[in-house]
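Have a look at the structure below, then the notes.
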Ligand SMILES: [Zn+2]
Ligand SMILES: [Zn+2]
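Residue numbers (my numbering): 375 to 597.
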């Protein structure tokens with residue numbers, strides 16, 4: 375990840391951190407997402423977007439803002455984040471800061487804005503190895519694919535072991551099927567067979583009501 379700006383590296387590592395901390399919901403993580411703001415009527419950039427894969431559960435939309443600053447994050451950032459949370463219909467927001475938070479920022483943060491200090495060096499040590507190479511697009515460069523946690527799902531009478539993830543650059547879904555030991559990407563709106571018999575994987579394009587614009591088109595994965 376040497377060629378990236380420091381702030382970009384920080385953001386990516388925050389995405390990897392978020393996966394570890396939100397593995398209790400069936401979550402899709404999108405780095406650098408764009409959501410149409412229902413209040414502002416314009417595109418809002420989200421550093422790290424977490425959404426529940428069970429469609430129709432808007433409560434599970436969480437936005438994470440990553441702030442790489444030498445100084446503590448102040449109250450204005452918290453207020454802006456709170457406004458963004460409303461604009462994109464998220465239930466909760468987290469501001470991650472490398473420089474901590476001011477007292478007024480802390481007192482201004484309410485129940486639905488969490489403040490988490492995460493130092494740059496700590497994040498790099500812990501999470502810079504979390505990325506693999508994108509299989510969908512050679513232009514994405516190296517180390518842009520971020521896997522989420524290992525999953526076990528019941529499908530019919532069988533158990534299915536796999537993990538899934540997205541490229542932080544082209545946003546394409548990837549799957550690692552542990553049953554046939556294959557790793558592959560799934561283009562938006564397409565289905566792909568893995569090495570197992572009768573097993574098809576699909577990346578479902580977003581509905582318009584979700585507010586996703588540009589990339590990514592697909593937030594949901596079906597088996
Ligand atoms: Zn890619
Ligand atoms: Zn398989």
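Think of the CB as a built atom: it goes at the ideal place given N, C-alpha and C, for glycine as much as any other residue.
Specify whether the segment 390-409 and the segment 540-558 touch according to this definition: at least 3 beta carbon pairs, one from each stretch, less than 8 Å apart.
Contact between the segment 390-409 and the segment 540-558 is present, because at least three Cβ pairs lie under 8 Å.
Straight-line Cα distance separating residue 546 from residue 440
Whole-angstrom Cα-Cα distance: 22 Å.
Would you check if there are 3 or more beta carbon pairs closer than 8 Å linking the segment 497-504 to the segment 476-487?
Flag = no, the segment 497-504 and the segment 476-487 do not touch.
Taking the alpha carbon of residue 390 as the point to measure from, which residue in 454, 424, 564 has its own alpha carbon closest?
Taking residue 390 as reference, the option from 454, 424, 564 with the minimal CA-CA separation is 424.
Count the other CB atoms within 10 Å of the CB of residue 386; is the residue buried (16 or more) or exposed (fewer)?
Label assigned to residue 386: buried.
Nearest-angstrom Cα separation, counted from residue 560 out to residue 376
Residue confidence is low: residue 376 scores 47 on pLDDT, short of 50, so the model does not pin down where it sits. Its coordinate-derived value is still stated next. Taking the straight line joining both Cα atoms gives about 27 Å.
Is DSSP giving residue 613 helix, strand or coil here?
What is shown of the chain runs 375 to 597, which leaves residue 613 out entirely.
In chain order, what residues have a CB nearer than 6 Å to some heavy atom of ligand 1?
With the cut-off at 6 Å, the residues found are 508, 510, 511, 514, 518, 541, 543, 544, 546.
Taking C-alpha atoms, which residue in 490, 548, 408, 448 lies nearest to residue 565?
Comparing Cα-Cα distances from residue 565 to each of 490, 548, 408, 448, the minimum goes to 548.
At which residue ranges does the segment 497-544 contain complete beta strand (DSSP E) runs of 3 or more residues, listed in the order of the chain?
DSSP assignment within the segment 497-544 yields the following whole beta strand (DSSP E) runs of 3 residues or more, N-terminal first: 519-529, 532-541.
Span of the alpha helix (DSSP H) around residue 450:
449-461 is the span of the alpha helix (DSSP H), which, as asked, contains residue 450.
State the Cα-Cα distance for the pair residue 464 and residue 409, rounded to the nearest angstrom.
Pairing residue 464 with residue 409, the inter-Cα distance amounts to about 10 Å.
With a Cβ-Cβ cutoff of 8 Å, do residue 438 and residue 468 count as a contact?
Yes; because the gap between Cβ atoms is below 8 Å, this pair is in contact.
Taking just the CA atoms, how far does residue 459 sit from residue 488?
Rounded to whole angstroms, the gap between the alpha carbons of residue 488 and residue 459 is 12 Å.
One or two residues paired with residue 575 in a DSSP bridge
Residue 575 is bridged by DSSP to 566.
Taking 8 Å as the cut-off, decide whether the C-beta atoms of residue 551 and residue 510 are in contact.
The answer is no: Cβ separation not under 8 Å.
So is residue 435 buried or exposed if we call it buried at 16+ other beta carbons inside 10 Å?
Residue 435 should be labelled buried.
Under 8 Å, do residue 499 and residue 476 count as touching if we go by C-beta distance?
Not a contact, by the Cβ cut-off of 8 Å.
Any non-hydrogen atom of ligand 2 closer than 7 Å to residue 414 Cβ:
Result no, Cβ not under 7 Å from ligand 2.
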